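Visitor: The structure under discussion is supplied below as structure tokens; questions concerning it will follow.
Numbering (the working numbering), first residue to last: 1 to 74.
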């Protein structure tokens, strides 16, 4: 799910599906629950941030959100 360098973290995940239709993904800070960024793709590159963890969750056209993925260290 991840690739790390000294300055970047690449997150990659599998597509989600539901009965309404997934329209995007949110990358969230695990500690605070804050949404760091959104994307419609299945991969994103973030700046490395030692001591921080992120997770990905899908959202659909009706505004429903999935459970988040397992946390990944930044």
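Where is the CB? At the ideal position from N, CA and C, for every residue including glycine. None of these values were measured; they are calculated from a predicted model.
Reducing DSSP to helix, strand and coil, say where residue 28 ends up.
Guide: In this structure, residue 28 counts as strand in the three-state DSSP scheme.
Visitor: Residue 18 by DSSP, collapsed to three states: which one?
Guide: The answer is coil: DSSP assigns residue 18 none of H, G, I, E or B.
Visitor: Apart from the five residues just before and just after residue 48, which ones in its own chain have a Cβ nearer than 8 Å to its Cβ?
Guide: Only 4, 5, 6, 7, 8, 9, 74 meet the Cβ criterion.
Visitor: List the endpoints of the continuous beta strand (DSSP E) containing residue 58.
Guide: Element bounds for residue 58: 53-60.
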